[in-house]
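Just below is one structure, and these are the notes that go with it.
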Amino acid sequence: MSAQRGVQASAAADDLRFMELALSLGRRGFGRTWPNPAVGALIVKDGVIVGRGWTQPGGRPHAEVEALRRAGPAARGATLYVTLEPCSHFGKSPPCADAVIAAGISRVVSAIEDPNPEVAGQGHTRLRAAGIAVDVGIGADEARHDHAGHISRVTRGRPYVMLKLAISADGKVGAAGRRPVAITGDAVRDRVHLLRAQNDAIMIGIGTALADDPMLTCRLPGMAKDSPVRIVADSMLRLPLNSRLVKSAYETPVWAIAGMSAPQDAEFQLLPLGVEVLRSPDSTGLLDLKDALGFLSAKGVTRLMVEGGPTLAAALIKADLIDEAVLFHSDKIVGADGIEALDADALAMLKQRLKLIATESVGPDRQETYERR
Numbered sequence: 057m058s059a060q061r062g063v064q065a066s067a068a069a070d071d072l073r074f075m076e077l078a079l080s081l082g083r084r085g086f087g088r089t090w091p092n093p094a095v096g097a098l099i100v101k102d103g104v105i106v107g108r109g110w111t112q113p114g115g116r117p118h119a120e121v122e123a124l125r126r127a128g129p130a131a132r133g134a135t136l137y138v139t140l141e142p143c144s145h146f147g148k149s150p151p152c153a154d155a156v157i158a159a160g161i162s163r164v165v166s167a168i169e170d171p172n173p174e175v176a177g178q179g180h181t182r183l184r185a186a187g188i189a190v191d192v193g194i195g196a197d198e199a200r201h202d203h204a205g206h207i208s209r210v211t212r213g214r215p216y217v218m219l220k221l222a223i224s225a226d227g228k229v230g231a232a233g234r235r236p237v238a239i240t241g242d243a244v245r246d247r248v249h250l251l252r253a254q255n256d257a258i259m260i261g262i263g264t265a266l267a268d269d270p271m272l273t274c275r276l277p278g279m280a281k282d283s284p285v286r287i288v289a290d291s292m293l294r295l296p297l298n299s300r301l302v303k304s305a306y307e308t309p310v311w312a313i314a315g316m317s318a319p320q321d322a323e324f325q326l327l328p329l330g331v332e333v334l335r336s337p338d339s340t341g342l343l344d345l346k347d348a349l350g351f352l353s354a355k356g357v358t359r360l361m362v363e364g365g366p367t368l369a370a371a372l373i374k375a376d377l378i379d380e381a382v383l384f385h386s387d388k389i390v391g392a393d394g395i396e397a398l399d400a401d402a403l404a405m406l407k408q409r410l411k412l413i414a415t416e417s418v419g420p421d422r423q424e425t426y427e428r429r
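Here the sequence shown stands for residues 57 to 429, numbered as in this note's numbering.
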């Protein structure tokens, strides 16, 4: 009996190890596969990896198809480890469940069921009906975290929203008069650029666009192509035509979310320059942020990074639309006349709704990561 338990424990450890590898493969697609989830897949036969795959840019081919292609005939009789239930419906490509069956896979280890109503367990059911052994749940917590954007989009009709703030020792994000100031160091800058590349889109408020004239691209070596869609919450369409965002709109997409009352002339000036204008309900000049996020979800955005400024951050917090917060703390002092990172009410709400899950040093600065309780 003890020998049997030892074999079972060893098999369970192998399953977890291979699933962790599949999860790491899936993360390669962060920010590049939307509107599809970034899935990872691994094919193992007799303890040897014979195929691996991850969702390709634009969402196709799917991870399972990539892994099966690489495995070739070796897939017959093998085990497939996949971070999300194989799809069972016809979309722009045939169901992955059918490809798995046709390849002769004998066992599928799936981290979680896909909450997409078009799948929702039907992929697993189809595999079992074909005589394939299916185990679900190994690596489930990590998979739910990795697929949080997809899950949010199909269950809540909005992207998963991550707020990023760089905060000085005296709680400021900018100098007086909305003048930009370098609060954190080079290591944080590189971390932020990586976060940009891992998200489908990045959003700022018009105040930040006017004060900082940012680019919002990923400027790590060789990763400019991985820059997210750049979005400005701009209720009255005040985005300057000579801003760096507008001037680069044909290189990296720029969307302006405007209110219904924004001037039509401003939209007509932005459109030929490559800026896409999305109209959302507004009230007294303030956008309905929940509706705006629903609009982004309908356009396929699953993971949204919010990088500034304090007005937009506070509005999203008060509307309970923040799922994760990454706060970078610096020892730098800006001064009493600097711009507060968050007002007291917004900060209290953030820490009430989110839980601190990790703290780490990033160069001379400190990163705190919060997630929904």
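Just so it is clear, CB atoms sit at the ideal spot from N, CA and C, and this is done for glycine as well.
Sheet register partners of Tyr306 (DSSP bridge): Here residue 306 refers to the residue found at position 250 when the sequence shown is read from its first residue. DSSP output for Tyr306 lists no bridge partner at all.
Taking the C-alpha atoms as reference points, what is the distance between Tyr216 and Ile258? If you number the sequence shown from 1, residue 216 lands on position 160. If you number the sequence shown from 1, residue 258 lands on position 202. If I take the Cα positions, the gap works out to 12 Å.
Can the beta-carbon of Ser336 be found closer than 8 Å to that of Ala348? As a position in the sequence shown, residue 336 is number 280, starting the count at 1. As a position in the sequence shown, residue 348 is number 292, starting the count at 1. Closer than 8 Å, so yes.
Report buried or exposed for Val210, applying the criterion of at least 16 other Cβ atoms within 10 angstroms of its Cβ. Start at 1 with the first residue of the sequence shown, and residue 210 comes out as number 154. The residue in question, Val210, is buried, as its Cβ has 16 or more Cβ neighbours within 10 Å.
Could you check how far apart the C-beta atoms of Ile161 and Ala131 are, in whole angstroms? I think they sit under 8 Å. For the purposes of this step, residue 161 is taken as the residue at position 105 of the sequence shown. For the purposes of this step, residue 131 is taken as the residue at position 75 of the sequence shown. So it is a contact: roughly 6 Å between Cβ atoms.
Do you know how far the Cα of His385 is from the Cα of Ala232? Here residue 232 refers to the residue found at position 176 of the sequence shown. Here residue 385 refers to the residue found at position 329 of the sequence shown. If I take the Cα positions, the gap works out to 19 Å.
Give me the residue from Val362, Leu368, Ala375 with the minimum Cα distance to Lys346. In the sequence shown, the residue the question calls residue 346 occupies position 290. For the options Val362, Leu368, Ala375, the alpha carbon positioned closest to that of Lys346 is the one of Ala375.
4-residue-minimum alpha helix (DSSP H) runs that sit fully inside the segment 286 to 337, ordered along the chain: You should have 300 to 303, 320 to 326.
Beta-bridge pairing of Asp191 - partner residues as DSSP gives them: Looking up residue 191 in the sequence shown gives position 135. Note: Asp191 sits in a beta bridge opposite Val165.
So what does DSSP say about Glu141, is it helix, strand or coil? Locating residue 141 in the sequence shown gives position 85, where the first residue counts as 1. Glu141: coil per DSSP, three-state reduction.
Checking 8 Å against the spacing of the C-beta atoms, do Ala69 and Ile99 come in under that value? Taking the first residue of the sequence shown as 1, we reach residue 69 at position 13. Taking the first residue of the sequence shown as 1, we reach residue 99 at position 43. No Cβ-Cβ contact shorter than 8 Å links Ala69 with Ile99.
Roughly how many angstroms lie between the CA atoms of Ala400 and Leu72, to the nearest whole one? In the sequence shown, counting from the first residue as 1, residue 400 sits at position 344. In the sequence shown, counting from the first residue as 1, residue 72 sits at position 16. Approximately 43 Å, taken between the alpha carbons.
Assuming Ala119 contacts Thr111 under a Cβ cut-off of 8 Å, what Cβ separation, rounded to an integer in Å, is found between them? Residue 119 sits at position 63 when you count from the first residue of the sequence shown. Residue 111 sits at position 55 when you count from the first residue of the sequence shown. Going by Cβ atoms, the distance from Ala119 to Thr111 rounds to 5 Å, so yes, they are a contact pair.
Sort Leu327, Ala318, Thr358, Lys281 by Cα distance to Lys511 and report the nearest one. Examination of residue 511 is not possible in this model, given that the chain is present from 57 through 429 alone.
Ala381 in three-state terms, based on DSSP: Translated into the one-based positions of the sequence shown, residue 381 becomes position 325. Note: Ala381 maps to strand in three-state DSSP.
Does DSSP put Met259 in a helix, a strand or coil? For the purposes of this step, residue 259 is taken as the residue at position 203 of the sequence shown. Note: Met259 maps to strand in three-state DSSP.
Please state if the CB of Tyr137 and the CB of Ala97 are separated by a distance shorter than 8 Å. As a working mapping, residue 97 is identified with position 41 in the sequence shown. As a working mapping, residue 137 is identified with position 81 in the sequence shown. A contact, by the Cβ cut-off of 8 Å.
Whole-angstrom Cβ separation of Ala381 and Leu410, contact assumed at under 8 Å? Along the sequence shown, read from residue 1 onward, the residue named residue 381 stands at position 325. Along the sequence shown, read from residue 1 onward, the residue named residue 410 stands at position 354. Right, the Cβ-Cβ distance comes to about 6 Å (below 8 Å), so this counts as a contact.
DSSP-derived helix/strand/coil call for Gln423: Taking the sequence shown and counting its residues from 1, one reaches residue 423 at position 367. Correct three-state label for Gln423: strand.
Report the option in Ile313, Thr308, Asp282 whose CA atom is closest to the CA atom of Ser291. One-based indexing of the sequence shown puts residue 291 at position 235. If we check each option's Cα against that of Ser291, Ile313 comes out closest.
Return the residue from the list Thr139, Lys101, Arg108 that minimises the CA-CA distance to Leu79. The sequence position of residue 79 within the sequence shown is 23, counting from 1. Closest option to Leu79, judged by alpha-carbon separation, among Thr139, Lys101, Arg108: Thr139.
I'd like the span of the beta strand (DSSP E) that includes Val217, first residue to last. To locate residue 217, count along the sequence shown from 1; it is residue 161. Note, Val217: beta strand (DSSP E), 216 to 223.
Quick check on the burial criterion: 16 or more other C-beta atoms within 10 angstroms. Buried or exposed for Arg182? On the sequence shown, position 126 is the one that residue 182 refers to. Residue environment: Arg182 is assigned as buried (16 or more neighbouring CB atoms within 10 Å of its CB, all protein chains considered).
Using the Cβ count rule (16 or more neighbours within 10 Å means buried), how would you classify Asp269? Within the sequence shown, the letter at position 213 stands for residue 269. Exposed, since its Cβ has fewer than 16 Cβ neighbours within 10 Å.
Can you tell me which residues form a DSSP beta bridge with Thr415? In the sequence shown, the residue the question calls residue 415 occupies position 359. Answer is Glu424.
Would Asp246 and Pro284 be called neighbours here (beta carbons separated by less than 8 Å)? Working through the sequence shown from its first residue, we reach residue 246 at position 190. Working through the sequence shown from its first residue, we reach residue 284 at position 228. No Cβ-Cβ contact shorter than 8 Å links Asp246 with Pro284.
Three-state secondary structure (DSSP) of Val95: Stepping through the sequence shown from its first residue, residue 95 is reached at position 39. Val95 falls in the coil class under three-state DSSP.
Between the C-alpha atoms of Arg286 and Ser339, what's the straight-line distance to the nearest angstrom? Residue 286 sits at position 230 when you count from the first residue of the sequence shown. Residue 339 sits at position 283 when you count from the first residue of the sequence shown. Their backbone Cα atoms lie some 24 Å apart in a straight line.
Identify every residue that forms a DSSP beta bridge with Leu136. Here residue 136 is taken as the residue at index 80 of the sequence shown, counted from 1. Paired residues: Ile99, Val164.
Helix, strand or coil for Glu396, going by three-state DSSP, please let me know. To locate residue 396, count along the sequence shown from 1; it is residue 340. Here Glu396 sits in strand by DSSP.
In chain order, what residues of the same chain lie with their CB nearer than 6 Å to the CB of Ile378, ignoring the 5 residues before and after it? Your numbering for residue 378 matches position 322 in the sequence shown. For Ile378, the CB contacts under 6 Å within the same chain, skipping 5 residues up- and downstream, are Val217, Leu219, Leu372 in chain order.
Asp104, enclosing beta strand (DSSP E) - first and last residue: Residue mapping note: residue 104 aligns to position 48 of the sequence shown, counting from 1. Rather than Asp, the amino acid found at residue 104 in this sequence is Val. Boundaries of the beta strand (DSSP E) harbouring Val104: 104 to 110, taken from the DSSP string.
Report the three-state DSSP secondary structure of Lys388 (helix, strand or coil). Looking up residue 388 in the sequence shown gives position 332. The answer is coil: DSSP assigns Lys388 none of H, G, I, E or B.
Contacts around Ala318, its chain only, beta-carbon distance under 6 Å, and the 5 residues preceding and following it disregarded: Start at 1 with the first residue of the sequence shown, and residue 318 comes out as number 262. Non-local C-beta neighbours of Ala318 in its own chain, meaning closer than 6 Å and more than five positions away in sequence, comprise Met292, Leu293, ordered along the chain.
Would you call the CB atoms of Pro151 and Ile207 closer than 8 Å? Your numbering for residue 151 matches position 95 in the sequence shown. Your numbering for residue 207 matches position 151 in the sequence shown. Not in contact: Pro151 and Ile207 (Cβ atoms no closer than 8 Å).
What first and last residue would you give for the beta strand (DSSP E) that runs through Glu363? For the purposes of this step, residue 363 is taken as residue 307 along the sequence shown, with counting starting at 1. Element bounds for Glu363: 359 to 364.
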